[in-house]
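K.L.:
Chains as they are written, first to last, in the numbering used here: chain R, 1 to 343; chain X, 344 to 686. C-beta: ideal position from N, C-alpha, C; glycine also.
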DNA sequence: TACCTTTGTTTAAACGTTTAAGCAAATATA
DNA sequence: TATATTTGCTTAAACGTTTAAACAAAGGTA
């Protein structure tokens, strides 16, 4: 019942030439006559020939497949990065395999195994939040497969990295809040063990010092930055003896949770408490009040990550010239923190 | 420089046995002694052996890869479907390759070619909005590769399909609006050529008849259902001689656009105009007022789609017993349409 | 004429597996 | 004891390509 697929040999038989000639004709080899090439292409068309990737990849040692690992795809940031990686790589004849870790270390390891097993030519990844053991990533490196990290990276791995300047973003945010008259700025941060969140925390504390604001331990919290985390941490901040007059949340989802709590408590935003998120997810512009956030240049990150990979395949000599690209983030000021225009 | 990878032969050489024995040992073949199996596994571990998918897939004719085509991944619906497809298939030893069509027919065709080229064992797809030419999908069928459609399907293709009951969902919505006292219900619909949107439109008109409401042509519009489309269509409806007192939008993003316009015009929701969306995207629960919407059972759809595929691989005889699974959708009533509880 | 090049092709091996078939040794059966 | 069965392996072919090497024929050069 199952249709058997047309191979290069079937084409060869029709034309009474060798399979090798067909292969070369299809690859436009200069040593094949135009007559033969035209005939081959014609027959290939007629027989609905579909090249077998498995065979060619096995023989040539190049799969032309690139694995992409993201914590999840249902965020605008990751989905946009992926789209741009794909765009750049498709042009160069590469296809991508997307896998989601769902922020799980175990799933991430499985994904890596699958990708290695599938013989991808390279891996572009953003690490799960809970990932601390880097051995799975070391494995990629040890196999000599190009590895590029973006957003959630790790210095210790010593691989290419594309991301935004998290440290400086915190400075931008604090500065913006100070300019809006805030004096007691809290930070609902991510876990310090994740490099980007650590950088945001460092940026936050250093910026406070710079502006000679009190560095109050109870104003700095760590969490997984889910909506629920945002709610819980906001409630905690509100119950302090002296609550903050501004909250900088290291992720938009948690910022949304915080916003919900503030609205439920009828606290005026930004007058009583100003709010800033991170990531510029579309919903920050949809809710009331619209949330100030940081745009992470997903388009640029995607393109740069793809290009970083392409650099590896272009050169045969792997002279490990590391690329660390840090882009400047952009603060998108909206109602939730802008006291000046809301007057 | 490039590390060369360990193969089955390397393991064989170490143990002075044949490659075939190693292959069988790794597959736990009953004809291999436990002693050998243990030894093989040990050496495989030591040499960091990684099976080569290309070789085994080529030889066995089964890639254990399933292609998934979606219009986009940055919607909660598709991302959730994907996650559940993956979950079910992983358990059975399959991995998935995700591709996005970005609602483009051309990109969809490219994706299909890539997937066929990659020798996937099956394809699970949701069609792009603009797709009308089905030849690319016919190609999949003609190669004898299992094809399962979900959400955005096509009856003419005669393949398995999993989706919700769009026609009936419209009835639920209209009924709900009628119960809330609405008498002039508009529909901002998708393009009629897409089956699901056509069904929603049919459901809308039939439900109006059923409740003896006027079927006004100017209250029914078609569009691509982007946020901007929602804005434009809402503005049009407001400029009518007698504007509607309820608007049923066939997609949440367009519903959001409509909501923005209503808020800008200071129109009371739901008192003056009630609003209902479709898809139950997370943001419907985040905005003010929260938008009533239809939950599409993404979890169930993902699982069922994966199982539909698995049915094909389990049986060798392809006795084309078609699965058409239509799930009941669920109306999630929120502030934007609920006049009773908002009193 | 003899030799070199170019053109267009074929041959054969290789990529890393799987698997049908074969076979020797050990064990069971009669 | 002779024969059958089971156990545990080996051999070799195959999957569909690519590619290095070989080579015949045609054309060019000295």
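Here's a check: name, in chain order, each residue in its chain whose Cβ is nearer than 7 Å to the Cβ of residue 361 of chain X, leaving out the five neighbours to either side.
P.N.:
What you label residue 361 of chain X is simply residue 18 of the second chain in a count that begins at 1. Cβ neighbours of residue 361 of chain X beyond the five flanking positions: 355.
K.L.:
Can you tell me whether residue 356 of chain R is buried or exposed, with buried defined as 16 or more other CB within 10 angstroms of its CB?
P.N.:
Shown here, chain R extends from 1 to 343; a query on residue 356 of chain R therefore has no answer.
K.L.:
Tell me, to the nearest whole angstrom, how far the beta carbon of residue 347 of chain R is from that of residue 229 of chain R; I am working on the premise that it is less than 8 Å.
P.N.:
Outside the displayed span of chain R (1 to 343) sits residue 347 of chain R, for which this structure offers no information.
K.L.:
If you drop the 5 nearest sequence neighbours on each side, which residues of the same chain put their C-beta closer than 8 Å to that of residue 329 of chain R?
P.N.:
Walking along the first chain from the start, residue 329 of chain R turns up at place 329. So the list reads 164, 165, 166, 168, 169, 172, 294, 295, 296, 297, once near-sequence residues are dropped.
K.L.:
Which residues in the same chain have their Cβ closer than 6 Å to the Cβ of residue 357 of chain X, if we skip the five residues on either side of it in sequence?
P.N.:
Numbered from its first residue, the second chain carries residue 357 of chain X at position 14. Hits under 6 Å: 386.
K.L.:
Should residue 223 of chain R go down as buried or exposed, given a rule of 16 or more other Cβ atoms within 10 Å for buried?
P.N.:
Taking the first chain and counting its residues from 1, the one referred to as residue 223 of chain R is at position 223. Buried, since its Cβ has 16 or more Cβ neighbours within 10 Å.
K.L.:
Against chain R, with Cβ distances strictly below 7 Å, would residue 422 of chain X count as a contact?
P.N.:
Here residue 422 of chain X refers to the residue found at position 79 of the second chain. Yes, residue 422 of chain X counts as interfacial toward chain R.
K.L.:
Tell me whether the beta-carbon of residue 8 of chain R lies closer than 7 Å to the beta-carbon of residue 23 of chain R.
P.N.:
Numbered from 1 along the first chain, position 8 holds the residue referred to as residue 8 of chain R. Numbered from 1 along the first chain, position 23 holds the residue referred to as residue 23 of chain R. Cβ atoms of residue 8 of chain R and residue 23 of chain R: closer than 7 Å.
K.L.:
With a Cβ-Cβ cutoff of 7 Å, do residue 593 of chain X and residue 621 of chain X count as a contact?
P.N.:
Within the second chain, numbered from 1, the residue matching residue 593 of chain X stands at position 250. Within the second chain, numbered from 1, the residue matching residue 621 of chain X stands at position 278. Result yes, Cβ atoms of residue 593 of chain X and residue 621 of chain X sit closer than 7 Å.
K.L.:
Leaving out five residues before and five after residue 212 of chain R in sequence, what residues of the same chain have Cβ atoms less than 7 Å from its Cβ?
P.N.:
To locate residue 212 of chain R, count along the first chain from 1; it is residue 212. Contacts found: none.
K.L.:
Who are the Cβ neighbours of residue 276 of chain R in its own chain at under 6 Å, not counting the five residues just before and after it?
P.N.:
Taking the first chain and counting its residues from 1, the one referred to as residue 276 of chain R is at position 276. Counting only Cβ-Cβ distances below 6 Å, and skipping sequence neighbours, we find 173, 248, 292, 337.
K.L.:
Going along chain X, which residues have a C-beta under 9 Å from residue 287 of chain R?
P.N.:
Along the first chain, read from residue 1 onward, the residue named residue 287 of chain R stands at position 287. In chain order: 626, 629, 630, 631.
K.L.:
Please give me, in chain order, every unbroken run of the beta strand (DSSP E) with length at least 3 that falls completely inside the stretch 589-622 of chain X.
P.N.:
Runs found: 589-592, 617-619.
K.L.:
With distances taken Cα to Cα, identify the nearest neighbour of residue 530 of chain X among X/576, X/605, X/647, X/522.
P.N.:
If you number the second chain from 1, residue 530 of chain X lands on position 187. Nearest option by C-alpha distance: X/576.
K.L.:
Can you list, in chain order, the stretches of the alpha helix (DSSP H) that have 4 or more residues and sit fully within the stretch 425-484 of chain X?
P.N.:
Listed in chain order, the complete alpha helix (DSSP H) runs (minimum 4 residues) inside the stretch 425-484 of chain X are 448-460.
K.L.:
Name the chain R residues that come within less than 9 Å of residue 597 of chain X, Cβ to Cβ?
P.N.:
To locate residue 597 of chain X, count along the second chain from 1; it is residue 254. Simply none; closest approach about 13 Å.
K.L.:
Among R/269, R/156, R/307, R/183, which one has its Cα closest to the Cα of residue 89 of chain R?
P.N.:
The residue labelled residue 89 of chain R in the question sits at position 89 within the first chain. Closest by alpha carbon: R/307.
K.L.:
Would DSSP call residue 205 of chain R helix, strand or coil?
P.N.:
To locate residue 205 of chain R, count along the first chain from 1; it is residue 205. Here residue 205 of chain R sits in helix by DSSP.
K.L.:
What does residue 63 of chain R touch in chain X if you count any residue whose Cβ is under 8 Å from its own?
P.N.:
Start at 1 with the first residue of the first chain, and residue 63 of chain R comes out as number 63. Correct list: 397.
K.L.:
Give the straight-line distance between the Cα atoms of residue 221 of chain R and residue 214 of chain R, rounded to the nearest whole angstrom.
P.N.:
Against the first chain, residue 221 of chain R aligns to sequence position 221. Against the first chain, residue 214 of chain R aligns to sequence position 214. About 15 Å.
K.L.:
With DSSP run on the structure shown, which of helix, strand or coil describes residue 408 of chain X?
P.N.:
Within the second chain, residue 408 of chain X is the residue found at index 65, counting from 1. Three-state DSSP puts residue 408 of chain X in a strand.
K.L.:
Quick one: using the 10 Å Cβ neighbour count with 16 as the cut-off for buried, is residue 487 of chain X buried or exposed?
P.N.:
Start at 1 with the first residue of the second chain, and residue 487 of chain X comes out as number 144. That one is exposed.
K.L.:
Pick helix, strand or coil for residue 676 of chain X, following the three-state DSSP scheme.
P.N.:
Within the second chain, residue 676 of chain X is the residue found at index 333, counting from 1. Three-state result, residue 676 of chain X: coil.
K.L.:
What does DSSP give as the partner residue(s) for residue 222 of chain R in the beta ladder?
P.N.:
Residue numbering aside, residue 222 of chain R sits at position 222 when the first chain is read from its first letter. Residue 222 of chain R is bridged to R/189.
K.L.:
What whole-angstrom Cβ distance do residue 150 of chain R and residue 305 of chain R have, given they're in contact under 8 Å?
P.N.:
As a working note, residue 150 of chain R is residue 150 in the first chain. As a working note, residue 305 of chain R is residue 305 in the first chain. The Cβ separation is near 5 Å, so the contact holds.
K.L.:
Determine the extent of the alpha helix (DSSP H) in which residue 512 of chain X is found, giving its start and end residues.
P.N.:
Indexing the second chain from 1 puts residue 512 of chain X at position 169. Start and end: 509-522.
K.L.:
Secondary structure at residue 70 of chain R, three-state DSSP: helix, strand or coil?
P.N.:
Counting from one through the first chain, the residue named residue 70 of chain R turns up at place 70. Strand, per DSSP.
K.L.:
Quick check on residue 454 of chain X: buried or exposed, where buried means 16 or more other Cβ atoms within 10 Å of its Cβ?
P.N.:
Numbered from its first residue, the second chain carries residue 454 of chain X at position 111. Buried.
K.L.:
Exposed or buried, what is residue 86 of chain R when buried is set at 16 or more other beta-carbons lying within 10 Å of its beta-carbon?
P.N.:
Within the first chain, numbered from 1, the residue matching residue 86 of chain R stands at position 86. Under this definition residue 86 of chain R is a buried residue.
K.L.:
For residue 196 of chain R, tell me which candidate among R/281, R/98, R/176, R/128 has the shortest Cα-Cα distance.
P.N.:
The count along the first chain starts at 1 and reaches residue 196 of chain R at position 196. Taking only the C-alpha atoms, the option nearest residue 196 of chain R is R/128.
K.L.:
Tell me, please, whether the CB atom of residue 6 of chain R is closer than 7 Å to any CB atom in chain X?
P.N.:
One-based indexing of the first chain puts residue 6 of chain R at position 6. False, the Cβ-Cβ gap to chain X never drops below 7 Å.
K.L.:
Please list, in chain order, all residues of the same chain as residue 324 of chain R whose beta carbon is under 6 Å from its beta carbon, the five residues on each side excluded.
P.N.:
As a working note, residue 324 of chain R is residue 324 in the first chain. Cβ neighbours of residue 324 of chain R beyond the five flanking positions: 161.
K.L.:
By the criterion of Cβ-Cβ separation under 8 Å, what are the contact partners of residue 116 of chain R in chain X?
P.N.:
Counting from 1 along the first chain, the entry for residue 116 of chain R is found at position 116. Result: 393.
K.L.:
Chain R partners of residue 426 of chain X, CB-CB under 8 Å?
P.N.:
Residue mapping note: residue 426 of chain X aligns to position 83 of the second chain, counting from 1. Per Cβ cutoff of 8 Å: 100, 102.
K.L.:
Within a Cβ cutoff of 7 Å, which residues of the same chain sit near residue 616 of chain X, ignoring the five residues on either side of it in sequence?
P.N.:
In the second chain, residue 616 of chain X corresponds to position 273, counting from 1. Hits under 7 Å: 587, 588, 589, 590, 605, 610.
K.L.:
Report buried or exposed for residue 608 of chain X, applying the criterion of at least 16 other Cβ atoms within 10 angstroms of its Cβ.
P.N.:
For this step, residue 608 of chain X is matched to residue 265 along the second chain. By the 10 Å Cβ count, residue 608 of chain X comes out exposed.
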